[in-house]
Amino acid sequence: MATQEAGEEYSSDNCQAQVAVLQREVPHVSAEPNRKVDERRVILVGKLGAGKSHSGNGILGTKQFQSEQCWSSVTRRCDYGTAVRNGIRYRVFDTPGVNFPEDIRDGIDVETEIRRCLFCTSPGFHAIVLVLSATERITREDLEMLKNLDTMLGESSFKYMILVITKLQNDESRLNEMIARAPEVAKLNVKCEARRVIFGKDENKIPPECLQKFDEVLTKLIKQNKRYGKEYYRHKYYDQATAILKLDKDDYKKKHPEISDSEAFEIVRNEAAIGLSPRDSELLKIKDQDCQCIIS
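Residues 1 to 296 in UniProt numbering are what the sequence shown spells out, letter by letter.
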């Protein structure tokens, strides 16, 4: 989708996206308006075909991301889903695979997609979920992918990272054996302080006990980071992006005066994170040479 300059009208595609995002917010606004719902913000990263979209649907408890195994339906842009599960609102951002084949890579800039998502999401992410498939051996390409993630996210990202292992029966002893035979994964496991969760082999449903463990690991992670005053992981250009997004919010409010400032800001932030801001070109100018991210 082509980007638009500041001040232009939203395209019909953007309007449809706004409606879709707003519809996703309706349960939060209308279900129990007087009760504050705890939130968990999660970004999914990993290889193409590892099961990111499937994992995101499991975390949400509802199918909002396409997860069919075919080249035409894989995530090519960041996507966003939200739902309340077990009394907690999950906001999940699914990112493109970091290893698109050359023949379908045209128009896909994974680094840009992830970076935009990081500096547009408020107030930041509670967790970075790195999805790994148990059925694929670790290759040189995988090692390069991990190195690129290190560069893109920064060393501080491991304080917020949870490993999710897909396509494996919920068997910790089997996972331990696999990790012991894969030195790079073992190093990753240590950096993440052994925060890992198996999501099972079923391509249609993640076992409830696996989701329960994920919730427990995530809750413990949030408490730990909050204790050190670093609850959220967010891009170092978050504040600059916020100044631009306030203009988006003002434009949105003119068209939807019935919506509160906070609701409008949440909507335009979610849209911007997946590339639908009318000022996307301005947001993408906020970068430096290495694009490193740091916690605020």
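Glycine residues also receive a C-beta, built at the ideal position from the N, C-alpha and C atoms.
All values reported here derive from a predicted model rather than from experimental measurement.
- Taking C-beta atoms under 8 Å as the contact rule, residue 93 and residue 44 qualify, at a distance of about 7 Å.
- In the structure shown, the three-state DSSP call for residue 182 is coil.
- For the set 284, 213, 262, the Cα lying nearest the Cα of residue 122 is the one of 262.
- Cα atoms of residue 239 and residue 117: separation of roughly 14 Å, rounded to the nearest angstrom.
- Between the region 157 to 171 and the region 50 to 62 there are three or more C-beta pairs closer than 8 Å, enough to call the two in contact.
- Linking residue 37 to residue 181 through their CA atoms gives a straight-line distance of about 42 Å.
- Taking residue 213 as reference, the option from 199, 204, 224, 226 with the minimal CA-CA separation is 199.
- The three-state reading of DSSP puts residue 264 in helix, counting H, G and I together.
- Taking the CA atoms as reference points, residue 236 sits about 13 Å from residue 125.
- Of the residues assessed, residue 228 falls on the exposed side of the cut-off, its CB having fewer than 16 other CB atoms within 10 angstroms.
- The C-beta of residue 58 has 16 or more other C-beta atoms within 10 Å across all chains shown, which makes the residue buried.
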